[in-house]
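Line by line, the protein sequences are chains B and G. Just add 10 to wherever you are in the first sequence, counting from 1, and you've got my numbering. Just add 10 to wherever you are in the second sequence, counting from 1, and you've got my numbering. Here a beta-carbon is modelled for each residue, glycine too, at the ideal position from N, C-alpha and C. Quick caveat: nothing in here was measured; it's all calculated off a predicted structure. These notes concern the structure reproduced below.
Number of protein chains: 2
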Amino acid sequence: MRLHELPTPALILDRGVVARNTAAMAKRMRGHGVALRPHMKTAKCAEVAALATAGQFGGITVSTLNEAGFFARHAFRDITYAVGIVPGKLDEVAALERQGTRVRIVTDDAGVARAVAERAESLGVDLHVLVEVDTGLHRAGVAPDSPELLEIARAIHAAPRLTLDGVLTHAGHSYHCPDVGGVRAVAEEERSGVVAAAERLRGAGLPCSVVSAGSTPTAVHAESLQGVTEMRPGTYVFFDLAQVGIGSCRVADVAISVLATVIGHSHRFNRLLVDAGSLALSSDTSANEHLPGVGYGLASEDPGRGGTHRLRVAQVNQEHGFVESDAPIPFEALPIGSRLRILPNHSCITAAMFDRYHVVDGGDEIVDVWQRTNRW
Amino acid sequence: MRLHELPTPALILDRGVVARNTAAMAKRMRGHGVALRPHMKTAKCAEVAALATAGQFGGITVSTLNEAGFFARHAFRDITYAVGIVPGKLDEVAALERQGTRVRIVTDDAGVARAVAERAESLGVDLHVLVEVDTGLHRAGVAPDSPELLEIARAIHAAPRLTLDGVLTHAGHSYHCPDVGGVRAVAEEERSGVVAAAERLRGAGLPCSVVSAGSTPTAVHAESLQGVTEMRPGTYVFFDLAQVGIGSCRVADVAISVLATVIGHSHRFNRLLVDAGSLALSSDTSANEHLPGVGYGLASEDPGRGGTHRLRVAQVNQEHGFVESDAPIPFEALPIGSRLRILPNHSCITAAMFDRYHVVDGGDEIVDVWQRTNRW
Chain B
11 MRLHELPTPA LILDRGVVAR NTAAMAKRMR GHGVALRPHM KTAKCAEVAA LATAGQFGGI
71 TVSTLNEAGF FARHAFRDIT YAVGIVPGKL DEVAALERQG TRVRIVTDDA GVARAVAERA
131 ESLGVDLHVL VEVDTGLHRA GVAPDSPELL EIARAIHAAP RLTLDGVLTH AGHSYHCPDV
191 GGVRAVAEEE RSGVVAAAER LRGAGLPCSV VSAGSTPTAV HAESLQGVTE MRPGTYVFFD
251 LAQVGIGSCR VADVAISVLA TVIGHSHRFN RLLVDAGSLA LSSDTSANEH LPGVGYGLAS
311 EDPGRGGTHR LRVAQVNQEH GFVESDAPIP FEALPIGSRL RILPNHSCIT AAMFDRYHVV
371 DGGDEIVDVW QRTNRW
Chain G
11 MRLHELPTPA LILDRGVVAR NTAAMAKRMR GHGVALRPHM KTAKCAEVAA LATAGQFGGI
71 TVSTLNEAGF FARHAFRDIT YAVGIVPGKL DEVAALERQG TRVRIVTDDA GVARAVAERA
131 ESLGVDLHVL VEVDTGLHRA GVAPDSPELL EIARAIHAAP RLTLDGVLTH AGHSYHCPDV
191 GGVRAVAEEE RSGVVAAAER LRGAGLPCSV VSAGSTPTAV HAESLQGVTE MRPGTYVFFD
251 LAQVGIGSCR VADVAISVLA TVIGHSHRFN RLLVDAGSLA LSSDTSANEH LPGVGYGLAS
311 EDPGRGGTHR LRVAQVNQEH GFVESDAPIP FEALPIGSRL RILPNHSCIT AAMFDRYHVV
371 DGGDEIVDVW QRTNRW
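Written as structure tokens, this is what we have:
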């Protein structure tokens, strides 16, 4: 089947671009002497995970326990669940551990650490734990120089059923840097903060074999990763317009697009209607911070050729996208029924609007269909 | 099972509130002497469709052919697919028609009408068509006084395999009215525009049995629906914060909420972290137009009691929601592991983030689980 025959909206993945993105990140991490533990919250797909872990140690990161279960069923045995744990979620973690999958958990709270220790005892399961460190995102985590860091680490280390593996941070504020220089500064803040936390643990006689950091921008632009043991970028497998805006990649590196059909012409408003609205593209407008005016995504007949008509999805309703341009819309070239491919603002969020990827390899032939796992 | 035992995030539906909302709209439409053809794009759920069509003629509206197929399998036989048709989608429509389900289609383009006529011939199927009229939303549709209106209607009427059923409009711009007076004015614009289009068709000797209009705000606030034959509101089955802001309902009428677990405390930033981020709540911020500061939704222990702590989801990442308040956060009352219910900005979009509804009936016991259909 070819793209023009596929029911729309549909999510298209260019396999060659994913392979190039994943190989480049793997090479970059090898150059730093750091393990790559790709974050699978972006792709949620076994085939992409295989590409992203090729030639690596095989560990991955996930954002939900549903993902952990999915990847465990696909023989991934070393998983970090990088969202703060609560004791009520430990039954699911324990079930995966009993089936032979390491699901490393994360906390930034001494009370939670003690409650996890108790629950691990009653479940009769050994769990591996990281302390979350805040290196500037201010979402979760304790400051590297805080008293809480050692209090939490000691609570974990003292628990018979818990193993203190180390520290973890995520410099997600790199997404808001104005330029590559800013990303480099955040990357150094991320590195130095998490390494300082690790050194405090070791200085207090506590184990700390894992020093985990990473976001796509900081993984791409870090000048030094000295003291870090692993990086956890995720978005880089697909990239997106937000990453283009931050300077992490070029438009040609964006590996996914939403295939849509032109369903209406408005000559009066110089506008096309397409059948990809907020349920296909998501309502995420994050790329506009760095690329003002991209709206809900850039549209073109072939994203490999770039947006020759400077088409953007300016507005979305549930199943309608409003495609506009500062130039006259080429209505003759884009009749009702013709197709556009829309590059997403934020690939993690747009990809989650679909259950599967229709895979191409540079051309317009569907060469494979890859399933995603979604929900919780 | 009770709400505090349910894995999170989860979508909670209060059955009694849906029953009240659907009964009130049915009564309102009966009062106007107008048929109610509820738009199922909001709920995408057979049980909700049953409530919304109770005591009505049984017709529904859908926004995707996936919905059409789903509701056909649930014995709904009179469906209007209210998004502009393209010939490439007619095979799916024809398959449903052959199985005995009327799937009425919509167009605003004479070229499409002629292409649909040809395709209907080659498929050997009879199709029923409405002409889409623009009454101010400026999304799709032809102006009631435009030459195109009659050109399209004649193209449909002349085609052996097509039946011209009438006209359809949607005054979605009612969502942006500053107050109820504004909504009433838009409702009258919607009514008078679509009725004028119908009268032009009849004046030209063309049939026009269906005069279809409607959005939730205009259905709630219209003073007259004279000349309209059916209304197609959708959001009213659940309502949401955007509808509270427009004045279509009260907070107590919002029938769905996202159940989330508190996964972190930040005393420094006076903030709770919850496990409902942009994938559970969506990135839709539409309610802020009328209710500035609601962010990604209002959070409380029990939405029936209102947001006593004035908690709002101020920011979202993929699996993290940042719950903030202008008042001090009651950390003691909301320990890590406790639950919040988040009222959505836009129920059509938030509900689509889930595959099922966990149904309650006023209390915290899960009394049923209702499936949704999603995707395309």
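Near the ligand MN: residue i beta-carbon under 8 Å from a heavy atom
i                      : result
residue 147 of chain B : This structure lacks the ligand MN; in fact it carries no ligand of any kind.
Closer than 7 Å at the beta carbon, the chain B residues around residue i
i                      : result
residue 122 of chain G : 346
Nearest-angstrom beta carbon gap, residue j and residue i [assumed within contact, 8 Å]
i                      : j                      : result
residue 216 of chain B : residue 174 of chain B : 6 Å
residue 25 of chain G  : residue 365 of chain G : Wrong, their Cβ atoms sit about 18 Å apart, outside the cutoff.
residue 245 of chain G : residue 32 of chain G  : That belief does not hold up - the Cβ atoms of residue 245 of chain G and residue 32 of chain G are roughly 12 Å apart, past 8 Å.
residue 172 of chain B : residue 127 of chain B : 5 Å
residue 196 of chain G : residue 251 of chain G : About 20 Å; that fails the 8 Å criterion.
residue 231 of chain B : residue 194 of chain B : 5 Å
residue 16 of chain G  : residue 346 of chain G : Contact doesn't hold; Cβ gap of about 17 Å is too wide.
residue 70 of chain B  : residue 48 of chain B  : 6 Å
residue 23 of chain B  : residue 369 of chain B : 5 Å
residue 141 of chain G : residue 118 of chain G : 7 Å
residue 75 of chain B  : residue 362 of chain G : Contact doesn't hold; Cβ gap of about 22 Å is too wide.
residue 146 of chain G : residue 181 of chain G : 6 Å
Per-residue contacts from residue i into chain B (C-beta, under 9 Å)
i                      : result
residue 271 of chain G : 96, 98, 99
residue 285 of chain G : 74, 93, 94, 96, 99, 386
residue 17 of chain G  : 75, 98, 99, 102, 386
Distance CB(residue i)-CB(residue j) smaller than 9 Å
i                      : j                      : result
residue 273 of chain G : residue 89 of chain B  : no
residue 350 of chain B : residue 297 of chain B : no
residue 287 of chain B : residue 360 of chain B : no
residue 93 of chain G  : residue 103 of chain G : no
residue 257 of chain B : residue 299 of chain B : no
residue 291 of chain B : residue 352 of chain B : yes
residue 214 of chain B : residue 163 of chain B : yes
residue 198 of chain G : residue 220 of chain G : no
residue 279 of chain G : residue 334 of chain G : yes
residue 130 of chain B : residue 165 of chain B : no
residue 18 of chain G  : residue 383 of chain G : no
residue 293 of chain B : residue 326 of chain B : yes
residue 390 of chain G : residue 79 of chain G  : As displayed, chain G neither begins before 11 nor continues past 386, which places residue 390 of chain G out of reach and without an answer.
residue 153 of chain B : residue 143 of chain B : yes
residue 357 of chain B : residue 248 of chain B : yes
residue 56 of chain G  : residue 380 of chain G : yes
residue 2 of chain G   : residue 235 of chain G : With chain G covering only 11 through 386, there is no way to say anything about residue 2 of chain G.
residue 301 of chain B : residue 332 of chain B : no
residue 77 of chain B  : residue 54 of chain B  : yes
Partner residues on chain B for residue i, Cβ-Cβ distance less than 8 Å
i                      : result
residue 364 of chain G : 385
residue 359 of chain G : 288, 289, 293, 328
residue 275 of chain G : 119
residue 51 of chain G  : 328, 329
Contacts that residue i makes with chain G (C-beta to C-beta distance below 8 Å)
i                      : result
residue 378 of chain B : The contacting residues do not exist; residue 378 of chain B stays about 19 Å from chain G at best.
Contacts that residue i makes with chain G (C-beta to C-beta distance below 7 Å)
i                      : result
residue 148 of chain B : 279
Contacts of residue i in chain G (Cβ-Cβ under 9 Å)
i                      : result
residue 155 of chain B : Near residue 155 of chain B there are no residues of chain G at all, since even the closest Cβ is about 14 Å away, more than 9 Å.
For the segment 94-111 of chain G, which residues have a beta carbon sitting closer than 9 Å to at least one beta carbon of chain B? 94, 95, 96, 97, 98, 99, 102
Output, in sequence order along the chain, the residues in the segment 55-85 of chain G whose CB is closer than 9 Å to any CB in chain B. 73, 74, 75
Can at least three beta-carbon pairs, one atom from the segment 183-192 of chain B and one from the segment 223-242 of chain B, be found at a separation below 8 Å? yes
Are three or more beta carbon pairs between the segment 202-216 of chain B and the segment 260-278 of chain B nearer than 8 Å? no
Residues of the segment 174-185 of chain B whose Cβ lies closer than 9 Å to any Cβ of chain G, in chain order: Identification of residues in the segment 174-185 of chain B having a C-beta nearer than 9 Å to some C-beta of chain G yields 182, given in sequence order.
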